[in-house]
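Protein chains: 2
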Amino acid sequence: MEQIREMADKLKLLSDYTRLTILSLLKDREFCVCELVEILEISQPAVSQHLRKLKSQGMVKESKRGQWVYYSLHVDDKSYIKAVLDYTPDSKTILSVLNKQHVTSVCK
Amino acid sequence: MEQIREMADKLKLLSDYTRLTILSLLKDREFCVCELVEILEISQPAVSQHLRKLKSQGMVKESKRGQWVYYSLHVDDKSYIKAVLDYTPDSKTILSVLNKQHVTSVCK
DNA sequence: ATATCATATAAACATTCGCTTATATATCAC
DNA sequence: GTGATATATAAGCGAATGTTTATATGATAT
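These protein sequences, in sequence, are chains P and E. If you're matching positions, the first sequence starts at 1 in UniProt numbering and goes up one per residue. If you're matching positions, the second sequence starts at 1 in UniProt numbering and goes up one per residue.
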């Protein structure tokens with residue numbers, strides 16, 4: 001059942017708090033790495049590694065602009081991934097709960 | 001973000017091939033442990049442990065009848081769990097691909 | 001009661017995972 | 001150029017995961 005195996009692999013990406021939060025944030029707009037670092041309060045390499053996994057499965061796209069790399073959601077509207085993300089809180093709620101409304105891509 | 005943490009925990013249950021297959025089979029009807037063992041070709045304790053995890057998160061129900069324990073799906077129709085399971089193959093397809101159409105609860 | 005079948009639990013183990021620190025690469029400002 | 005900022009990669013580590021084997025529990029049949 002290769003189909004189930006593939007789904008399980010993608011769901012594994014969704015089954016981590018940090019990655020599920022990143023994807024939920026990206027529902028609203030693109031974020032650069034340094035913003036995610038400030039919001040999630042984990043190290044920059046940790047964020048980069050999560051983004052790499054998400055990118056390797058085609059769930060996010062990157063766009064380099066200047067010294068920043070912006071990541072955006074890249075999920076088919078009709079996929080089960082999108083179906084799951086429809087249930088996660090939106091970025092405004094997340095930022096408000098985490099008290100990070102002020103974070104912008106001008107990071108340091 | 002406790003909501004995201006809870007979702008991630010439940011998605012973790014879906015992100016394993018064996019468990020996702022079990023849940024997909026249960027979309028159609030209840031199965032007993034010994035059937036799942038034959039279908040999945042892993043040890044009986046492995047199946048039991050997966051079922052225990054699924055039960056602990058309320059995703060399956062058990063029903064003891066005689067020496068058999070039957071498990072059935074216990075997922076809210078409107079949840080994201082159900083949304084995911086709508087994308088997995090149905091039991092007939094799974095059994096056919098795995099060549100296990102013959103398996104019944106009279107196991108040995 | 002004994003033997004058999006179905007299931008659950010415990011222990012052990014290899015693998016995977018997510019994190020950190022350290023380091024490398026690349027861009028920008030001066 | 002040099003220094004500061006943004007990001008990626010590598011190595012190391014402890015925790016979690018999924019499996020197996022061994023054992024326990026419980027129901028059924030004889």
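From the three backbone atoms N, C-alpha and C, an ideal C-beta is built for every residue, glycine too. For clarity, every value in this text was computed on a predicted model and none was experimentally measured.
Where residue i sits in the DSSP three-state scheme
i	result
Leu73(E)	strand
Phe105(P)	Reading off the sequence shown, one finds Ser at residue 105(P), where the question assumed Phe. Three-state DSSP puts Ser105(P) in coil, outside helix and strand.
Ser12(P)	According to the sequence displayed, residue 12(P) carries Lys and not Ser. Helix.
Lys78(P)	coil
Ser63(P)	strand
Minimum Cβ-Cβ distance from residue i to chain P less than 8 Å
i	result
Ile39(E)	no
Ala46(E)	no
Asp28(E)	no
Leu11(E)	yes
residue 184(E)	The requested residue 184(E) does not occur in the structure, where chain E is confined to residues 1 to 108.
Residue j beta carbon less than 8 Å from that of residue i
i	j	result
Asp16(E)	Ser91(E)	no
Ser72(E)	Val60(E)	yes
Thr104(E)	Ser24(E)	no
Lys10(P)	Ile81(P)	yes
Val69(P)	Val33(P)	yes
Ile94(P)	Thr18(P)	no
Lys55(E)	Glu62(E)	yes
Below-8 Å beta-carbon distance, residue i vs any chain E residue
i	result
Ser91(P)	no
Thr21(P)	yes
Arg5(P)	yes
Val103(P)	no
Met59(P)	no
Ile42(P)	no
Ser56(P)	no
Ser24(P)	yes
Val97(P)	yes
For the pair the segment 36-45 of chain P and the segment 93-100 of chain P, tell me if three or more CB-CB distances fall below 8 Å. yes
In the segment 68-90 of chain P, which residues sit with their C-beta less than 7 Å from some C-beta in chain E, listed in chain order? Tyr80, Ala83, Val84, Tyr87, Thr88, Pro89
Determine, using beta-carbon pairs with one atom in the segment 40-50 of chain P and one in the segment 2-18 of chain E, whether at least three such pairs fall under 8 Å. no
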